[in-house]
Amino acid sequence: MTFQDHVILITGVTRGIGRAIALRFMAEGAVVAGIYARDDEAAEQLKDIAKEAGGQISLYKGSVSDQAWVAEVMKDIVDTYGQLDVLVNNAGRTSDHMALFMEEQQWQEVLDTNFIGTCYCSQEAVSYMLRQGKGAIINMVSVSGIYGREGQTNYAASKGAIMGLTKLYARLYASQNIHVSAIAPGMIDTDMAQGVPTEKMADFLRHTAVGRLGSVEEVTDAVMYLAGPMASYHAGHTLKLDGGFLR
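Using our numbering, you'd call the opening residue of the sequence shown number 18 and step up by one each time.
Right, dumping it as structure tokens:
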């Protein structure tokens, strides 16, 4: 088991893709630390599932956009487990609107969680990974960040910024055995996708080569690859996992 006794930190851990990644890492023998913002019920459910499966998980409730709090969490993880092997920056939020009608609060909330939160978590994680001499950071972005979908102005901008950050961190730290990369999912079958209007979903799938939603299992497979030794020569790239999305 590649990740036996590794320590993995996942943000946005209680739902959808984050939850699936946590369960997969625990199945591979890893210790998981997770950050979540609000949903205590989902956090307790995840703890129960982990306990039943014999997995080990520690959860922290707070905002990734709070730099001091993120630093405290990282320190506690390393003090408790002695290491931090993988960071998965998965926390994200949306507040969709067209650019001309976007309000300041909508810009700020989405950029704070998606981009600034990724910056703070990566900055803290790297400080520990440098001491260890190894580590991996995987940033969850989106096809919206690649194509700049017009109805998601703030979201697309935040994810595009993370792709730039991914390239920068890879250039800075790849030579020190810290592998930084990103995954850009298309429409994945999660609770969030269930809330997409039928007409909008049909249009999305009509412009997707495989003609279906992606699964969380397919995303977790990609995370396992990028976090493991087979991706040792993969640095700074954004892996599109979008079923051949065309526009």
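From the three backbone atoms N, C-alpha and C, an ideal C-beta is built for every residue, glycine too.
At which residue ranges does the stretch 105 to 160 contain complete beta strand (DSSP E) runs of 3 or more residues, listed in the order of the chain?
152 to 157
If you pair each beta-carbon of the stretch 152 to 162 with each one of the stretch 172 to 187, do three or more pairs fall below 8 Å?
yes
Is Lys92 buried or exposed, if buried means 16 or more other CB atoms sit within 10 Å of its CB?
Lys92 is classed as exposed because its beta carbon has fewer than 16 other beta carbons within 10 Å across all chains shown.
If we ignore side chains and look at the alpha-carbon of each, how far apart do Gln62 and Thr19 end up?
26 Å
Considering only residues of the stretch 214 to 260, which uninterrupted alpha helix (DSSP H) runs meet the minimum length of 4 residues and lie entirely inside it, listed in chain order?
DSSP runs (the alpha helix (DSSP H)) wholly in the stretch 214 to 260: 215 to 223 and 233 to 244.
If we require 4 or more residues per run, which alpha helix (DSSP H) segments fall completely within the stretch 22 to 57?
33 to 44
Start-to-end residues for the alpha helix (DSSP H) that takes in Val87
Gln84 to Tyr98
Can you tell me the Cα-Cα spacing of Tyr77 and Asp56, whole angstroms?
11 Å
Judging by CA-CA distance, which residue of Gly29, Ala199, Ala50 and Leu230 is the nearest neighbour of Lys257?
Ala199
Leaving out five residues before and five after Phe221 in sequence, what residues of the same chain have Cβ atoms less than 7 Å from its Cβ?
Met204
Measuring straight from C-alpha to C-alpha, what distance separates Gly245 and Phe118?
43 Å
Using CA atoms only, rank isn't needed, just tell me which of Tyr190, Thr170, Leu104 and Glu126 is closest to Gly253.
For Gly253, the nearest C-alpha among the options comes from Tyr190.
Taking the alpha-carbon positions, what's the Asp238 to Ile27 distance?
15 Å
Using the Cα positions of Leu263 and Ser249, report the straight-line distance between them to the nearest angstrom.
Approximately 29 Å, taken between the alpha carbons.
Please report the distance separating the alpha-carbon of Ala85 from that of Glu141.
10 Å
So what does DSSP say about Ser75, is it helix, strand or coil?
In the structure shown, Ser75 adopts extended strand secondary structure according to DSSP, grouped into three states.
The beta strand (DSSP E) enclosing Ala199, as first and last residue numbers
Ile195 to Pro202
Measuring straight from C-alpha to C-alpha, what distance separates Leu266 and Leu104?
Limits of the chain in this structure are 18 at one end and 264 at the other, which puts residue 266 out of reach.
Host alpha helix (DSSP H) of Thr170 (start-end)
Thr170 to Tyr190
Between which residues of its own chain and Val49 is the CB-CB distance below 6 Å, once the five residues before and five after are set aside?
Ile25, Ala39, Phe42, Met43 and Ile74
With 16 other CB atoms within 10 Å as the buried threshold, where does Gly260 fall?
buried
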